[in-house]
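Participant:
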Amino acid sequence: MNDGPGFRELTALAAIVSHRSFRKAADDLGLSPSTLSHMMRALERDMGVRLLHRTTRSVAPTEAGERLVSRLQPLLRDIGAALAEVDNFRNLPAGTLRINSSEIAARLLLKSAVPVFLRRFPQVALDIVTEGRLVDIVGEGFDAGIRLGEAVPQDMVAIRFGGETRFIAVASPAYFATRHVPKVPEDLKDHSCIRFRLPSGKPFRWEFEKHGQEIAIDVPGMLTLDHMELMAEAAVGGLGIAYISDRLTQSYIERGALISVLDDWCPPIPGLFLYYPGHRLVLPALRAFIDVLKETG
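Under full-length UniProt numbering, the first residue of the sequence shown is numbered 1, with each subsequent residue one higher.
(1) Can you tell me whether DSSP reads E209 as helix, strand or coil?
(2) Quick test of the definition: if touching needs 3 or more C-beta pairs under 8 Å, does the region 215 to 229 touch the region 188 to 198?
(3) Using only CA atoms, which one of L262, A151 and A42 lies nearest to R50?
(4) Looking at the structure shown, is M39 part of a helix, part of a strand, or coil, going by DSSP?
(5) Taking 8 Å as the limit between beta carbons, can you name the residues of its chain near P185, skipping five residues before and five after?
(6) How should A151 be labelled, buried or exposed, when 16 other C-beta atoms within 10 angstroms of its C-beta is the threshold for buried?
(7) Based on the DSSP secondary-structure assignment, which residues constitute the bridge partners of H53?
(8) Buried or exposed for L288, going by 16 or more other Cβ atoms inside 10 Å?
(9) Give me the Cβ distance between I269 and T165, rounded to the nearest whole Å; I'm assuming they're in contact under 8 Å.
(10) Among L148, V157 and A177, which one has its Cα closest to the Cα of G163?
(11) What do you get for S58, buried or exposed, if any count of 16 or more other CB atoms within 10 angstroms of its CB means buried?
(12) Would you decide whether residue 323 is buried or exposed? Buried here means 16 or more other CB atoms lie within 10 Å of its CB.
(13) For L239, which residues of its own chain have a beta-carbon under 7 Å away from its beta-carbon, when the five flanking residues on both sides are left out?
(14) Any chance you could list the alpha helix (DSSP H) runs of at least 4 consecutive residues sitting entirely within the region 84 to 162, in chain order?
(15) Work out the CA separation of P33 and L108 for me, nearest whole Å.
(16) Taking 6 Å as the limit between beta carbons, can you name the residues of its chain near G132, skipping five residues before and five after?
(17) Closest to A105 by CA distance: which of A232, M228 and E140 is it?
(18) When you compare the CB positions of M47 and L13, do they come within less than 8 Å of one another, or not?
(19) Applying the 10 Å Cβ sphere with the 16-neighbour rule, what's the burial state of F196?
(20) Given L134, which residues of its chain have a CB within under 6 Å of its CB, disregarding the five upstream and five downstream residues?
(21) In angstroms, rounded to a whole number, what distance separates the CA positions of M1 and S18?
(22) Check this for me: beta carbons of D143 and L281, under 8 Å apart or not?
See below:
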């Protein structure tokens, strides 16, 4: 009785089609090219159909081979992931974990999850890169990213942490000593605002919402910055009204250096998320970091 091709043969076929080379596929599988060639001839004989076109210089799938591999690839990935998950039970987190983050999120992590993680998993090197632009974490070699929920790509697995946050309008008492306090977002047009430049070069529009009414304003202002902590410092210096995360303004407000305005127009938003590609196996180091992130809140 013929039981059909096995997992090893089908994996080898998929590797050959992927590399378009017996030699490269053999290197990937840890086999000799001659062994791989004999394996494919046996597979074609058992299935009764030619799967590969061979020449002395190249190899390419036949139509039958192309269709077979296209159906096999998601199944082989699932099987490989299932086997790797079992293998993870005996693998301790180790190596380097690379995370791309906004600077605000990185500051939060350094106060909460990072110290716990480094104490608990000293065999993991944590590499956190902060930048304003939203990058392709897969294409640029990161294991995970951290951004506000609205910036997380839809095809990613996202894990919320850190609670809700708000973007609020703030200015110093000295600034308001000679100016009226805005009551509605439209009043900002009569003020000097500290504008924020996005990594794309475009100015950020200030967004407000109250009772379902949403307003986005291109605010006026003589000063534009690309760093929110600098915006907070500029606001403390009386240079205008800034629209920034409440995580940055809390200490300034508590000591009276800044005053928040338009509070009823600044509702909370979901906040920060760690995200990673769902089609990849979660590395032990990343799984461990996620667990610490959930634990530390």
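From the three backbone atoms N, C-alpha and C, an ideal C-beta is built for every residue, glycine too.
Facilitator: In short:
(1) E209 carries a strand assignment under DSSP once its states are collapsed to helix, strand and coil.
(2) Yes: at least three Cβ pairs fall under 8 Å.
(3) It is A42.
(4) In the three-state reduction of the DSSP assignment, M39 falls in the helix class.
(5) Cβ neighbours of P185 within its own chain (closer than 8 Å, five residues either side excluded): W206, F208, I215, I217, L262 and W265.
(6) Exposed, by the Cβ-count rule.
(7) Its beta-bridge partners are A60.
(8) This sequence places Ala at residue 288; Leu is not what is there. By the neighbour-count criterion, in which a residue is buried when 16 or more other Cβ atoms sit within 10 angstroms of its Cβ, A288 is buried.
(9) Indeed they touch by this definition, with Cβ atoms about 6 Å apart.
(10) Sorting L148, V157 and A177 by C-alpha distance to the C-alpha of G163 places L148 at the top.
(11) Classification of S58: exposed, given that the 10 Å Cβ count is below 16.
(12) Residue 323 cannot be examined here, being either before or after the span of the chain that is shown, 1 to 297.
(13) Within the same chain, and ignoring the five residues on either side of L239 in sequence, the residues whose Cβ sits closer than 7 Å to its Cβ are I194 and L223.
(14) Within the region 84 to 162, the complete alpha helix (DSSP H) runs of at least 4 residues fall at 103 to 111 and 113 to 120.
(15) Distance between the alpha carbons of L108 and P33 is about 52 Å.
(16) The answer, listed in chain order, is P199.
(17) By alpha-carbon distance to A105, the top candidate from A232, M228 and E140 is M228.
(18) At least 8 Å separates the beta-carbon of M47 from that of L13.
(19) Looking at its Cβ environment, which holds 16 or more other Cβ atoms inside 10 Å, F196 is buried.
(20) The beta carbon of L134 lies closer than 6 Å to those of A151 in the same chain, with the five residues before and after it left out.
(21) The predicted position of M1 is uncertain, since its pLDDT is 43 and thus under 50; a value taken from the coordinates is nonetheless stated next. Distance from the CA atom of M1 to the CA atom of S18, rounded to whole angstroms, is 31 Å.
(22) Contact flag unset, no.
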